[in-house]
Amino acid sequence: MTTPVQAVFQARGLVKRYGSVTALDGTDFDLLPGEILAVIGDNGAGKSSLIKALSGAVVPDEGEMLLDGKPLHLKSPIDARRYGIETVYQDLAVAPAMTIAENLFLGRELLRKGMLSRFLRLIDKKSMLAEAEAHMRDLKIGIRSMKQAVGTLSGGQRQGVAVARSTAFAKHVVILDEPTAALGVKEGNMVLELIRNVRDRGLPVILISHNMPHVFEIADRIHVQRLGKRVAVLNPKHISMSDTVAVMTGAKSAEDFPEEAHA
Amino acid sequence: MSSTVPTFMPPLSKLGPVIALLAACAFFASQSDRFLSSQNFSLILQQVMVVGIIAIGQTLIILTAGIDLSCGMAMALGSVIMTKFAVDLGMNPYLAIGCGMAVTVLIGFINGALVTSIKLPAFIVTLGTMNIAFAVTQLYSQAQTVTGLPEAMGFFGNTFQLGQATFTYGTVLMLGMYVLTWLYLRETAPGRHLYAVGNNPEAARLTGIATNKVLLGVYMIAGLCYGIAALMSVARMGVGDPQGGQTDNLDSITAVVLGGTSLFGGRGSIMGTLVGVLIVGVFRNGLTLMGVSSVYQILVTGILVILAVATDQLTHKKG
Numbered sequence: 412m413t414t415p416v417q418a419v420f421q422a423r424g425l426v427k428r429y430g431s432v433t434a435l436d437g438t439d440f441d442l443l444p445g446e447i448l449a450v451i452g453d454n455g456a457g458k459s460s461l462i463k464a465l466s467g468a469v470v471p472d473e474g475e476m477l478l479d480g481k482p483l484h485l486k487s488p489i490d491a492r493r494y495g496i497e498t499v500y501q502d503l504a505v506a507p508a509m510t511i512a513e514n515l516f517l518g519r520e521l522l523r524k525g526m527l528s529r530f531l532r533l534i535d536k537k538s539m540l541a542e543a544e545a546h547m548r549d550l551k552i553g554i555r556s557m558k559q560a561v562g563t564l565s566g567g568q569r570q571g572v573a574v575a576r577s578t579a580f581a582k583h584v585v586i587l588d589e590p591t592a593a594l595g596v597k598e599g600n601m602v603l604e605l606i607r608n609v610r611d612r613g614l615p616v617i618l619i620s621h622n623m624p625h626v627f628e629i630a631d632r633i634h635v636q637r638l639g640k641r642v643a644v645l646n647p648k649h650i651s652m653s654d655t656v657a658v659m660t661g662a663k664s665a666e667d668f669p670e671e672a673h674a
Numbered sequence: 002m003s004s005t006v007p008t009f010m011p012p013l014s015k016l017g018p019v020i021a022l023l024a025a026c027a028f029f030a031s032q033s034d035r036f037l038s039s040q041n042f043s044l045i046l047q048q049v050m051v052v053g054i055i056a057i058g059q060t061l062i063i064l065t066a067g068i069d070l071s072c073g074m075a076m077a078l079g080s081v082i083m084t085k086f087a088v089d090l091g092m093n094p095y096l097a098i099g100c101g102m103a104v105t106v107l108i109g110f111i112n113g114a115l116v117t118s119i120k121l122p123a124f125i126v127t128l129g130t131m132n133i134a135f136a137v138t139q140l141y142s143q144a145q146t147v148t149g150l151p152e153a154m155g156f157f158g159n160t161f162q163l164g165q166a167t168f169t170y171g172t173v174l175m176l177g178m179y180v181l182t183w184l185y186l187r188e189t190a191p192g193r194h195l196y197a198v199g200n201n202p203e204a205a206r207l208t209g210i211a212t213n214k215v216l217l218g219v220y221m222i223a224g225l226c227y228g229i230a231a232l233m234s235v236a237r238m239g240v241g242d243p244q245g246g247q248t249d250n251l252d253s254i255t256a257v258v259l260g261g262t263s264l265f266g267g268r269g270s271i272m273g274t275l276v277g278v279l280i281v282g283v284f285r286n287g288l289t290l291m292g293v294s295s296v297y298q299i300l301v302t303g304i305l306v307i308l309a310v311a312t313d314q315l316t317h318k319k320g
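Sequences listed follow chains F and X, in order. Using the numbering used here, the letters of the first sequence map in sequence onto residues 412 to 674. Using the numbering used here, the letters of the second sequence map in sequence onto residues 2 to 320.
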């Protein structure tokens with residue numbers, strides 16, 4: 412990352428206060444094209460406030476955000492989606508009684524052609540099934556029938572559906588909030604593989620995770636959040652897991668490490 | 002990600018309500034010679050016309066994980082208003098019918114507004130509006146049945162012959178409404194959003210569905226159903242009855258749950274409700290033919306609803 416690259420998604424000096432508590436104390440943020448950026452931080456570091464600001468769930472009190480270099484003002488998660496920023500939430504936001512295809516297109520159903528069909532908002536089940544199948548195949552998620560209810564899937568497969576939904580519509584950025592937290596080892600690895608597939612298709616990914624082995628396995632860069640600020644951006648290839656945790660908890664300062672550890 | 006997990010709803014459970022209906026029919030046929038006649042079947046259809054239309058509204062509300070206890074009382078108020086406006090005020094009967102329906106839609110709007118804006122539980126809200134609607138009905142009608150109705154109000158009670166059987170136009174309207182609702186729920190985006198709101202409201206909201214609008218709309222459409230049911234009741238009885246609708250809330254909920262719709266929301270079908278309505282109707286009719294007193298019929302309905310809810314609880318337990 413020596414040549415200057417235009418960041419896809421940036422934030423400068425974000426501040427968010429809740430009463431007397433300052434969750435974000437002028438934090439910066441940079442996401443580069445085609446990368447997996449992990450965001451880590453101890454509890455209370457402002458990690459989730461940062462993600463909420465980036466996904467439109469909260470409006471920061473101060474500071475600015477830029478998407479492709481242009482100023483961006485998000486008022487709601489729906490607003491963020493309109494700009495091609497999709498978020499997959501931790502608690503698996505799927506409708507378990509509905510089918511995979513329906514979940515993928517929930518709120519954005521494909522409609523049948525023709526004026527009357529549009530007016531009555533008749534859904535095009537065939538196209539939705541076909542597109543869902545193609546998209547899941549692209550991401551190498553091996554689920555045979557898109558007509559299966561999501562409630563019948565395993566935790567990892569459900570997470571796969573949630574990720575597939577966000578990537579199907581994201582034009583700019585995918586934000587994944589603790590995507591492997593609720594999963595077993597094998598399922599966690601499946602989701603990591605899926606995240607790599609998403610990146611390899613050219614979409615930059617913001618990954619929030621507590622799981623250091625997972626972060627070190629797939630992140631290209633690591634954004635370390637501490638006391639409401641970004642204290643470092645580290646390169647996982649040139650710093651150890653324990654040193655990263657030390658920076659995160661404040662036991663060591665990022666300046667203690669050589670140039671190549673920074674990214 | 003290729004492991005297959007068995008589906009927890011076997012296809013048999015979808016046929017459950019139909020099997021129950023056939024079993025009930027077989028039982029009553031063995032108990033009474035008159036049960037299996039075409040006249041008796043057309044009678045059952047006429048008897049379930051009102052609760053059948055109420056149950057459409059009830060189904061939509063239960064699919065969103067709500068419940069409506071006010072439906073029967075809203076229907077009674079609507080029927081008293083349309084008949085009294087026409088008879089006492091001499092209003093054009095069609096306008097009077099419109100006024101009655103406007104009042105039931107208004108009750109739906111109040112229910113929906115309280116559920117969405119103050120986040121009150123639907124059970125409590127509709128328990129309140131049920132009592133309010135009952136009191137207003139009694140006060141306005143002075144508990145007097147409204148008679149001497151204009152002919153136009155009786156149209157849906159009129160009958161026509163089809164082979165051996167006699168049908169009312171109201172029955173045809175009811176079946177037509179079921180088909181329309183079926184298409185709406187299965188084939189349109191708003192219909193699918195209704196399921197999503199009932200299944201996981203948070204997920205629905207995060208995908209950009211205006212969940213409050215969906216809910217408010219559902220309660221108002223249900224109110225319209227109660228208004229149409231009010232007109233059916235007026236047409237069938239030939240009077241505006243302030244004592245009507247008193248068992249319709251439990252009957253409609255029983256029908257919905259017997260038809261396989263989950264009280265937890267998000268799962269179920271409108272055609273299941275039609276079967277559920279017929280089960281309730283067949284029980285009522287069959288027990289009457291057997292000479293069982295109406296108190297026992299209420300007892301049986303109570304047992305039916307608990308059985309149905311218990312089945313729902315055991316098969317759809319969350320998690």
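Think of the CB as a built atom: it goes at the ideal place given N, C-alpha and C, for glycine as much as any other residue. Being a predicted model, the structure only gives us computed values, none of them experimental.
Please compile the residues from chain F whose C-beta is within a distance smaller than 8 Å of the C-beta of X/Y179.
-> Counting from one through the second sequence, the residue named residue 179 of chain X turns up at place 178. Neighbours of X/Y179 across chain F, judged by C-beta separation under 8 Å, do not exist; the nearest C-beta is about 18 Å away.
Using DSSP with H/G/I as helix, E/B as strand and the rest coil, what is X/T248?
-> Mapped onto the second sequence, residue 248 of chain X falls at position 247. Here X/T248 sits in coil by DSSP.
If you follow the alpha helix (DSSP H) that F/K640 is part of, which residue opens it and which one closes it?
-> The count along the first sequence starts at 1 and reaches residue 640 of chain F at position 229. Residue range K640 to L645 is occupied by the beta strand (DSSP E) that includes F/K640, with no alpha helix (DSSP H) assigned at that position.
So, does the CB of F/L638 fall closer than 9 Å to a CB anywhere in chain X?
-> For the purposes of this step, residue 638 of chain F is taken as the residue at position 227 of the first sequence. Chain X, which has no Cβ nearer than 9 Å to the Cβ of F/L638, makes this no.
Partners in chain X for F/V505, counting only beta-carbon separations shorter than 8 Å = The residue you call residue 505 of chain F lines up with position 94 of the first sequence. Residues of chain X passing the Cβ test: N201 and A204.
Contacts of X/A321 in chain F (Cβ-Cβ under 9 Å) | This structure leaves residue 321 of chain X out entirely; chain X is present only between 2 and 320.
Got a sec: is the Cβ-Cβ distance from X/P18 to anything in chain F below 9 Å?
-> To locate residue 18 of chain X, count along the second sequence from 1; it is residue 17. Closer than 9 Å to the CB of X/P18 there is not a single CB belonging to chain F.
Would X/G267 count as contacting chain F if we go by Cβ distances under 9 Å?
-> Along the second sequence, one-based indexing puts residue 267 of chain X at 266. Proximity of X/G267 to chain F, defined by a Cβ-Cβ separation below 9 Å, is satisfied.
Below 8 Å, can you find three or more Cβ-Cβ pairs linking the stretch 103-121 of chain X to the stretch 206-217 of chain X?
-> Touching, per the Cβ criterion.
How long is the line joining the alpha carbons of F/R548 and F/I554, rounded to whole angstroms?
-> Here residue 548 of chain F corresponds to residue number 137 of the first sequence, with the count starting at 1. Here residue 554 of chain F corresponds to residue number 143 of the first sequence, with the count starting at 1. Taking the straight line from one Cα to the other gives about 8 Å.
Consult DSSP for F/H673 and reduce its assignment to one of helix, strand or coil.
-> Locating residue 673 of chain F in the first sequence gives position 262, where the first residue counts as 1. In this structure, DSSP gives F/H673 an extended state, which the three-state scheme calls strand.
Exposed or buried, which one is F/E670 when buried takes at least 16 other CB atoms within 10 Å?
-> Indexing the first sequence from 1 puts residue 670 of chain F at position 259. Note on F/E670: under 16 other CB atoms within 10 angstroms of its CB, so exposed under the neighbour-count rule.
Buried or exposed: which applies to X/L90, given that a residue is buried once 16 or more other Cβ atoms fall within 10 Å of its Cβ?
-> Within the second sequence, the letter at position 89 stands for residue 90 of chain X. Counting Cβ neighbours within 10 Å, X/L90 comes out exposed, since fewer than 16 surround it.
With X/A134 and X/A204 assumed to form a contact (beta carbons below 8 Å), what rounded beta-carbon distance in angstroms separates them?
-> As a position in the second sequence, residue 134 of chain X is number 133, starting the count at 1. As a position in the second sequence, residue 204 of chain X is number 203, starting the count at 1. The C-beta distance from X/A134 to X/A204 rounds to 34 Å, too long to fall under 8 Å, and the pair is not in contact.
Consider the Cβ of F/G474: report whether some Cβ of chain X lies at a distance smaller than 9 Å.
-> Residue 474 of chain F sits at position 63 when you count from the first residue of the first sequence. By this cut-off, F/G474 is not an interface position.
Is the beta carbon of X/I82 less than 9 Å from the beta carbon of X/Y179?
-> Within the second sequence, the letter at position 81 stands for residue 82 of chain X. Within the second sequence, the letter at position 178 stands for residue 179 of chain X. Not closer than 9 Å, so no.
Do X/I229 and X/I54 have their C-beta atoms within less than 9 Å of each other?
-> Translated into the one-based positions of the second sequence, residue 229 of chain X becomes position 228. Translated into the one-based positions of the second sequence, residue 54 of chain X becomes position 53. Less than 9 Å separates the beta-carbon of X/I229 from that of X/I54.
Hey, could you find the ends of the beta strand (DSSP E) F/G474 is sitting in?
-> By one-based count along the first sequence, residue 474 of chain F stands at place 63. Taken as a continuous stretch (DSSP letters only), the beta strand (DSSP E) holding F/G474 covers E473 to L478.
Mind checking the stretch 454-488 of chain F against chain X and listing, in chain order, the residues whose C-beta falls within less than 7 Å of any C-beta there?
-> P488: these are the residues of the stretch 454-488 of chain F whose beta carbon lies less than 7 Å from some beta carbon of chain X, given in chain order.
Over what stretch of residues does the beta strand (DSSP E) that includes X/L288 continue unbroken?
-> For the purposes of this step, residue 288 of chain X is taken as residue 287 along the second sequence, with counting starting at 1. Element bounds for X/L288: not the beta strand (DSSP E) but the alpha helix (DSSP H), I271 to L290.
Per-residue burial, X/K85 [other beta carbons within 10 Å of its own, 16 or more giving buried] = One-based indexing of the second sequence puts residue 85 of chain X at position 84. Sixteen is the threshold: when 16 or more other Cβ atoms of the shown chains lie within 10 Å of the Cβ of X/K85, as they do, the residue is buried.
Per DSSP, which one or two residues make a beta bridge with F/H649?
-> The residue labelled residue 649 of chain F in the question sits at position 238 within the first sequence. Bridge partners of F/H649: none, in fact.
Contact set between the stretch 530-551 of chain F and chain X, restricted to residues whose Cβ is under 7 Å from the partner | Those residues of the stretch 530-551 of chain F that come within reach of chain X (Cβ to Cβ, closer than 7 Å) are L531, R532, L533 and I534.
Straight-line gap, X/F284 to X/I125 (C-alpha atoms, nearest Å) | As a working note, residue 284 of chain X is residue 283 in the second sequence. As a working note, residue 125 of chain X is residue 124 in the second sequence. Cα to Cα, the separation comes out at about 29 Å.
Taking 9 Å as the CB-CB limit, is F/T498 close to chain X?
-> One-based indexing of the first sequence puts residue 498 of chain F at position 87. Chain X contact via Cβ: present.
Do you know how far the Cα of X/A190 is from the Cα of F/A418?
-> Start at 1 with the first residue of the first sequence, and residue 418 of chain F comes out as number 7. Start at 1 with the first residue of the second sequence, and residue 190 of chain X comes out as number 189. F/A418 and X/A190: Cα-Cα distance of roughly 37 Å.
Ignore the nearest five residues each way along the sequence and tell me which others in F/L477's own chain have a CB closer than 7 Å to its CB.
-> Translated into the one-based positions of the first sequence, residue 477 of chain F becomes position 66. Cβ-Cβ distances below 7 Å link F/L477 to Q421 and L483 in the same chain, with the five nearest sequence neighbours on each side left out; the list follows chain order.
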